[in-house]
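What follows is one structure encoded as C-alpha cells, with my remarks underneath.
Residue numbers (the working numbering): 955 to 1243.
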C-alpha cells in the first residue's frame, strides 16, 4: 500500500466549518463557501499527488474537506484503490485460516473516519479567491505525430491551485462554418477534439463554480495540434469572463462592453454603480475614476 507522506498525515481540524459541503457551489474537488468567501478543497476526491500539490501551494493554510482512517491516513482516490486491494487479499487469507477472526478483521479493515471541513487561517491580508480576475490560459502549436493523425485541439483544465477540473463542458466552435462540438473533460481534466479542419476557432469551457472561459480567434493550421491549457477562477454566480483585446498604445478596449461611462459630476449615480464601473476599469487595466 502507498505510504502517505507526513504533510497529509499531519493535517488537523482545529475549528470545523459550520457550512455544509452540499450548500457550497462547485465540483467534487473544490467548492466555494459563500459565508467565508473562500474555496474549500475536498482532498479525499483527489489523488495523493493532487492533494499534496494543493497543500504545498497553500502552505498548509486552506479550507479542506477530507476523510481520515483510524491509522491517521487521509483517504484519497489512489489510497482508496490500494486499501480495496489489500482488503480483498487479507480477506481471502483470513477465510482460509479461521472463520472466527472474520468479523473483527472485517471491521478493522473497512473502518473509515468521518468527513471534516478544516477552518482556514488567512495566509495574507485580503481575499484573492473572491476577486473577479480574468481566466488564465496558455496555448501552443505542435507538429502531428503518427499518434495524432489529422488536426486536433487538446488541453488540460486547472483551477487556481493547479488541481485538475473534471467533468467540465468544453465546446469548440468553427468561426467560419459556425459548427460546434462539445466534449466533457476526463477525470484528469483533459479534453480533445480530433479530425478538425484548419481555420479559426472559439473555445468555451464551463464548470460548476467557476468563471466561464471564452477564447476567440484560435488559429488551427494544417498538420498541427493546437494545445490550449486553461486555468479557471472561482466566480460569482452567473459571471462570464471573456478575455478582451487591449490596445496598450492608445489604451482603448475592444470586445468588452462596460456600459455608458458616467459623468464625473453626476450626483444621481449611486455608490453601487460607481463601484461596479471602477471595478471593470481596474480589471481591464485602467485607473478607477
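Where a beta carbon is used, it is the ideal one built from N, C-alpha and C, also for glycine.
{"Query": "Coil, strand or helix - residue 1029 by DSSP", "Result": "coil"}
{"Query": "Of the listed residues 1142, 1131, 1002 and 1133, nearest to residue 1112 (C-alpha basis)", "Result": "1142"}
{"Query": "Exposed unless 16 or more other CB atoms sit within 10 angstroms - verdict on residue 1115", "Result": "buried"}
{"Query": "Range of the contiguous beta strand (DSSP E) that encloses residue 1146", "Result": "1144 to 1150"}
{"Query": "Whole-Å CB distance - residue 1117 paired with residue 984, under 8 Å assumed", "Result": "7 Å"}
{"Query": "Exposure label - residue 992; buried when at least 16 CB within 10 Å", "Result": "buried"}
{"Query": "9 Å Cβ cutoff met for residue 1162 and residue 980", "Result": "yes"}
{"Query": "Which listed residue (971, 1168, 1181 and 1174) has its alpha carbon closest to that of residue 1017", "Result": "971"}
{"Query": "Residue 1173 to residue 1181 span [Cα, whole Å]", "Result": "11 Å"}
{"Query": "Inter-residue Cα distance where the pair is residue 1178 and residue 1120", "Result": "26 Å"}
{"Query": "Integer-rounded CB distance, given that residue 1155 should sit under 8 Å from residue 1127", "Result": "6 Å"}
{"Query": "For residue 1149 and residue 1015, the rounded distance between their alpha carbons", "Result": "44 Å"}
{"Query": "Residue 1136 burial status per 10 Å Cβ neighbour count (16 or more: buried)", "Result": "exposed"}
{"Query": "Integer Cβ distance of residue 1160 from residue 1122, believed to fall under 8 Å", "Result": "7 Å"}
{"Query": "Nonlocal neighbours in the same chain, by C-beta distance under 8 Å from residue 1007, ignoring five residues either side", "Result": "1115, 1116 and 1117"}
{"Query": "Simplified DSSP assignment, three categories, for residue 1011", "Result": "helix"}
{"Query": "DSSP state of residue 1134 mapped onto helix, strand, coil", "Result": "strand"}
{"Query": "Per-residue burial, residue 1003 [other beta carbons within 10 Å of its own, 16 or more giving buried]", "Result": "exposed"}
{"Query": "Closest by C-alpha distance to residue 999, when choosing among 1025, 1012 and 1030", "Result": "1030"}
{"Query": "Segment limits, beta strand (DSSP E) that includes residue 990", "Result": "Careful: residue 990 lies outside any beta strand (DSSP E) and carries neither H nor E."}
{"Query": "Spatially closest choice to residue 1183 from 1032, 1175 and 1146, by CA coordinates", "Result": "1146"}
{"Query": "Exposure of residue 1187, with buried meaning 16 or more beta-carbon neighbours within 10 Å", "Result": "buried"}
{"Query": "Cβ neighbour criterion (16 or more within 10 Å) applied to residue 1109", "Result": "buried"}
{"Query": "Burial state of residue 996 (16 or more Cβ within 10 Å)", "Result": "buried"}
{"Query": "Within 9 Å, strictly: CB atoms of residue 1158 and residue 1167", "Result": "yes"}
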